[in-house]
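K.L.:
Below: one structure in structure tokens.
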Amino acid sequence: MLRLKTPSSPHTHAMTSVSITMLKVIVALIPGIVASTYYFGWGILINIFLAGATALISEAAVLRLRHYAIAPALLDGSALVTALLLALAVPPIAPWWISVLGSLFAIVISKQLYGGLGYNPFNPAMAGYAFLLISFPQPMTAWLLPETLSGVHLNFMEALHVTFFQAWPTELRVDAVSMATPLDLLKTQLGVHKTISEIRFGTSIIGDFGGKGIEWIGNWYLLGGLWLLYMRVIAWQIPLAMLATLFALATLFSLYDPDVYSWPMFHIFSGGTILCAFFIATDPVTAATTPKGRLIYGAGIGALIFIIRTWGGYPDAVAFAVLLMNIAAPTIDYYTQPRVYGHGK
371 MLRLKTPSSP HTHAMTSVSI TMLKVIVALI PGIVASTYYF GWGILINIFL
421 AGATALISEA AVLRLRHYAI APALLDGSAL VTALLLALAV PPIAPWWISV
471 LGSLFAIVIS KQLYGGLGYN PFNPAMAGYA FLLISFPQPM TAWLLPETLS
521 GVHLNFMEAL HVTFFQAWPT ELRVDAVSMA TPLDLLKTQL GVHKTISEIR
571 FGTSIIGDFG GKGIEWIGNW YLLGGLWLLY MRVIAWQIPL AMLATLFALA
621 TLFSLYDPDV YSWPMFHIFS GGTILCAFFI ATDPVTAATT PKGRLIYGAG
671 IGALIFIIRT WGGYPDAVAF AVLLMNIAAP TIDYYTQPRV YGHGK
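Here my numbering is used: position 57 in the sequence shown is 427, and no number is missing along the way.
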């Protein structure tokens, strides 16, 4: 009888690694970063530098205390991706310590305290953002008007002075160039019994879909997210389930009462929805991993975003929706394991 020599598993090796995956995520974020900088100025890049430097330094310090190798952990890119996602959520005129504290919390408390990459139950960037939003609501809710609306352009040195000293150019007042986010504005105005139509057409910061500037930034994040899908860095189930659920709920309630519930595209192209769908909710460590589980996980995030935005106290809601579903991910995976080939139901 012919005997075939069968080598030991694994039989194939995937041409990927954590560092390659993180590099692709960083590349996919670049269009959104460029668009954010175009609309909101140098403060975006300053936040990225502060959060990135803090993430790398704090990760190295904790690894040294734990007597782990520092270089491999820093070079895998996970800390830098966490810093990027956090920095993009922080207002571009926030004081410097906001980015530093948020990044420090994300890396030390939300990641390394649980054992490092692969052991953290919560998305570190969203945990850091939630910590900042709860602890420092005032600086976390003051955004710049898009430069295309305000006509004001802060050069790099002026942006540095604002970030480090909260010192504005003498000819400017902070209230002349700052604003509530479109989601904040909508929630506040609905609270004083204005209708959606009155709010939508009575302000200059709401565009065709979402907030002016923010809706275009969302398009560039969408482009980067689709590239990640094409490169098979992320799976399609979570973004599709999240966006479809949010869209469906928003459509249903908007049809029921369009004067009270905002139109569905406003939910999709406002706040951090697109960024969350492709870059945050798809975190392989904290998300559900089974195909059916990813659909449930993504749908849960979409539903929670709508619920918290509509009836909760935090207008964007992305961070809290993700963190709540992070808690549920292990249970979702447990009950959605695919049937093993050859075994009955």
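Backbone N, C-alpha and C define an ideal beta-carbon position, used for all residues, glycine too.
Would you report the Cα separation of residue 418 and residue 709, rounded to the nearest angstrom?
P.N.:
One C-alpha to the other measures close to 44 Å.
K.L.:
Looking only at DSSP bridge pairs, what is residue 638 linked to?
P.N.:
DSSP, once it has assigned bridges, lists no residue as partnering residue 638.
K.L.:
Return the chain-ordered list of same chain residues with a C-beta closer than 8 Å to the C-beta of residue 693, the five sequence neighbours on each side being excluded.
P.N.:
Excluding positions up to five away in sequence, the list reads 492, 493, 496, 497, 500.
K.L.:
Using the Cα positions of residue 426 and residue 682, report the straight-line distance between them to the nearest angstrom.
P.N.:
Roughly 35 Å between the two C-alpha positions.
K.L.:
From 687, 643, 677, 700, pick the residue whose C-alpha is nearest to that of residue 663; which is it?
P.N.:
It is 700.
K.L.:
Could you pull the DSSP bridge partners for residue 581 from this structure?
P.N.:
Answer by DSSP bridge pairing, in chain order: 576.
K.L.:
Between which two residues does the alpha helix (DSSP H) harbouring residue 526 extend?
P.N.:
Taken as a continuous stretch (DSSP letters only), the alpha helix (DSSP H) holding residue 526 covers 526-535.
K.L.:
Determine whether the beta carbon atoms of residue 615 and residue 672 lie at a separation below 7 Å.
P.N.:
In this structure, residue 672 lies closer than 7 Å to residue 615 by Cβ.
K.L.:
How would you write the range of the alpha helix (DSSP H) that residue 667 sits in, first residue to last?
P.N.:
Unbroken alpha helix (DSSP H) run through residue 667: 661-681.
K.L.:
Please list the terminal residues of the continuous alpha helix (DSSP H) segment that includes residue 496.
P.N.:
First-last of the alpha helix (DSSP H) with residue 496: 494-505.
K.L.:
At the level of alpha carbons, what is the spacing between residue 650 and residue 490?
P.N.:
When rounded, the distance between both Cα atoms is 14 Å.
K.L.:
My output table needs one value for residue 513: the three-state DSSP class, helix, strand or coil.
P.N.:
Correct three-state label for residue 513: strand.
K.L.:
Among residues of its own chain, excluding the 5 on either side of residue 707, which ones have a beta-carbon nearer than 8 Å to its beta-carbon?
P.N.:
Once the five neighbours on either side are set aside, the close Cβ partners of residue 707 are 660.
K.L.:
Contact defined as beta carbons within less than 8 Å: I believe residue 665 pairs with residue 611. What is the distance between those atoms, to the nearest angstrom?
P.N.:
With a Cβ gap of about 5 Å, residue 665 and residue 611 count as contacting.
K.L.:
Starting from residue 446 and walking both ways along the alpha helix (DSSP H), at which residues does that stretch end?
P.N.:
That residue, residue 446, is in no alpha helix (DSSP H); it is neither H nor E in DSSP.
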